[in-house]
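Notes to accompany the following structure.
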Ligand code: PEP
Ligand code: MG
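Numbering (my numbering), first residue to last: 91 to 1022.
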């Protein structure tokens, strides 16, 4: 085969001018111990390319190849989908080097080299982009490969895989002619293959003979021609460039775009393209392929863990078509006991693999996810990357690696994503309930925890049902990257096929979602929307329960137990290290003793916000509250408040006890009064009967309380100022509770907080009232209680006049919910209508009600801190808006030198870790600067 002639014939589309990029290197070679790149070039070479280079440098056996850089991809999109001019030359030169190392030439009719083309972004996007394997097989090279391998069946099997992949990925998807009904070329070809199997009376692809495959390949080519109106290219270079273009194109494919949105990966990163010599795991019984992890990614246990298939190509393991075998004896479970481990079948190769994985983990100092192929008794490594893991595994690995000195404690703390802690705090299925439940089917435990949901069969349905507020479980034979939106929306995922490295398992693990895969006994009839398992028939919408930690599926809704982090030694150790490193204190937002107790077990160091209005809503109290609001006279209000006083006092006693010895910040009543009133005429009627107040009178009063902008209306301290008796009652209740407990030697530290202060006079007036009342109660009870009077900082005016406000405050707490509302002018209640659109269309990257808007809201906070502490050097300042438990916002609070963050009980551990990470990162930055 004359390469030059072909090259002239098939030229990729090049840019007209390349002056500016003449010297640029777009192609990085790797092979036989020499690589142009290294592991730290991920931005340029993508994760896969950088690691292939690194493994090559480490002299680990990697099939030779080259990486086209992400800059090549960026260029492609910035220049009307054309390649830089120097690309062909660089690709040709690298290919010659690959040919030399592998000892055969691409397109050679006697002994052809075959190539794979794979994507590789900076950050792993598993299965979201395209791959084409076996490039270089043509009518002319087929015989050469048959001659070399002596295995005609293998060659035609490789050819039919190429036809299918190429037609799907290059000729249809990349050409933008994929039909919307899901009936693309791949489905047509798969049907032709199924028909062939039916005709031959066989079930497995592997049962088809080489003659069958020969006929099938011809059939495939006909279908491709009639469907896509184009011949399958019989030229190796056209195939190669078609493959490269398709990988670039897959960066903007539907799946990749949707995944990037969920994962927050910027669009302008682009993907690299890895072109690599093919090695085959499916040439016979001395060949195999597998995927493995240097530690168990589901539990974190330090045991080499993986799956393999003899005589198979890599896609067979990942696609979940055949259920794979465990790589070693240690990885066997009761379900896989009967399967042969690589350790047993090919002990020498297993030992080689074992040593390589150990080396890789030590080299990268992190758990690696590796892919390998054994071709006729020779081991090749095809990939290594930092493995995805669930929260439980992440914590265990980090702690054990630090204990064994592979990494430092600081690195261990930085390794765990604070949000991952959430998974440990998730519920599990009650074992007692499991004993009595009907088990439908078993599967592999791919994602931890328990989940309850209603069966849905498609990703679109999962998304639509979840939008309606339904809890759903997505049930599929196997998932594909097209399903990610539905997987994200579902409570859990259940698949009938696939192993622990299948798509569903990988994605769910990344998100820490409950997931069971490979539930082989599950019979899914997606067309009729029913599943059959254990002689039961269940329909769409029926409830099931998943135990993702044990891989068990049950009928109905089983009881879920709250999580038990207190008995997880790795979590406890990590949290101990976090506490040693953080500067911020962590408090909780809680209004009930039960929540306060939970928060305390999670490590809360006090209450940062107790919203007293929640106490007003309880059924038996609302009547008194309404009576108070509807009274037109002070006497009437006071009469009602007297009834509320003992109830409030009881509330505070409960909370003070739960938080004994720790500060408890109680905020006086905040919301507008009309919120407590009935909303409909029917409710008003009921109330009028109950209270003996005429309906009309009630209705008029109700209407008079109506506000156009209640969020900016008669609420917060404005209520306390106009109805001082309300705040007086609350302070009295707080102080009576505090005095009573102090007398009983319970240590209470009340901090009374005035909400929604905009002007110092508001605070001054409420502070006076609070102190007068508090002093009177102490005097009456002859008890001294140490208490503070502070304010929320949740209005821009309060921030900029903080030097005045601080004179009247013992402490501040940022109410960043209201502060965001008022700084941005976004209604807290209505912004949900446009903020998702803003994010989708890149107007805003983050929802400012979730992550602090540092440039805007953050700037006001900074002013408030600076001016406040100028007046009072040691002014205690915290935050109690929802942002207090969000890791990036916690980091910002650390930099603002706040004293504490306060968040909901289940976010306390997340905030503890986030605060430690902020402190460590700051230290590292300082050290870096010092060194410079
Ligand atoms: C806030 O505004 O941030 C706050 C904590 O108060 P609330 O959410 O109760 O208005
Ligand atoms: Mg507020």
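By construction, the Cβ of each residue, glycine as well, lies at the ideal position given by its N, Cα and C atoms.
From a predicted model like this one, the values you see are computed outputs, not experimental measurements.
Three-state class that DSSP yields for residue i in the structure shown
i            : result
residue 955  : helix
residue 471  : strand
residue 680  : coil
residue 903  : strand
residue 613  : strand
residue 133  : helix
residue 1014 : helix
residue 96   : Residue placement at residue 96 is poorly supported in this model, since its pLDDT is 40, which falls under 50; the coordinates still yield a value, given next. Three-state DSSP puts residue 96 in a helix.
residue 966  : strand
residue 757  : strand
residue 52   : Nothing about residue 52 can be read from this structure; the chain reaches only from 91 to 1022.
residue 341  : coil
residue 892  : helix
residue 862  : helix
residue 1053 : Because the chain here runs from 91 to 1022, residue 1053 falls outside it and cannot be looked at.
residue 84   : Nothing about residue 84 can be reported from this structure: the residues present for the chain run from 91 to 1022 only.
residue 117  : strand
residue 109  : Any reading at residue 109 needs caution, since the residue's pLDDT is 48, under 50, leaving its predicted position unreliable; the model's value is listed next. Three-state result, residue 109: helix.
residue 392  : coil
residue 642  : strand
Residue i CB to nearest heavy atom of the ligand MG below 8 Å
i           : result
residue 799 : no
residue 843 : no
residue 848 : no
residue 760 : yes
residue 968 : no
residue 971 : yes
Environment of residue i [buried if 16+ CB atoms lie within 10 Å]
i           : result
residue 575 : buried
residue 949 : exposed
residue 229 : exposed
residue 932 : exposed
residue 748 : buried
residue 924 : exposed
residue 299 : exposed
residue 987 : exposed
residue 858 : exposed
residue 593 : buried
residue 699 : buried
Nearest neighbour of residue i, chosen from the options [CA to CA]
i            : options             : result
residue 935  : 669, 194, 355, 203  : 355
residue 1026 : 492, 549, 570, 322  : Outside the displayed range of the chain (91 to 1022) lies residue 1026, so it cannot be described from this structure.
residue 979  : 1014, 923, 907      : 907
residue 666  : 155, 1005, 157, 469 : 1005
residue 462  : 498, 443, 923       : 443
residue 505  : 522, 254, 481       : 481
residue 659  : 185, 694, 514       : 514
residue 177  : 393, 114, 675       : 114
residue 250  : 264, 969, 222       : 222
residue 581  : 179, 825, 553, 596  : 553
Proximity test, residue i beta-carbon vs the ligand PEP heavy atom, cut-off 8 Å
i           : result
residue 699 : yes
residue 909 : yes
residue 983 : no
residue 906 : yes
residue 882 : yes
residue 993 : no
At least three beta-carbon pairs within less than 8 Å, the segment 336-347 to the segment 368-381: no
Between the segment 793-806 and the segment 701-711, can you find at least three pairs of beta-carbon atoms closer than 8 Å? no
Contact the segment 210-220 vs the segment 133-146: 3+ CB pairs below 8 Å: yes
Do three or more CB pairs link the segment 467-474 to the segment 140-151 at distances below 8 Å? yes
Give a yes or no on contact between the segment 120-133 and the segment 199-209, applying the rule of three or more CB pairs nearer than 8 Å. no
With three or more C-beta pairs closer than 8 Å as the rule, is the segment 279-289 touching the segment 302-320? yes
Do the segment 242-252 and the segment 371-378 make contact, defined as three or more Cβ pairs closer than 8 Å? yes
Mind the definition here: the segment 222-240 touches the segment 271-278 only if three or more C-beta pairs lie below 8 Å; say whether that holds. no
Contact between the segment 632-643 and the segment 978-994 is defined here as three or more beta-carbon pairs at a separation below 8 Å; is this criterion met? no
Segment contact flag, the segment 550-560 with the segment 532-541, C-beta cutoff 8 Å, min 3 pairs: no
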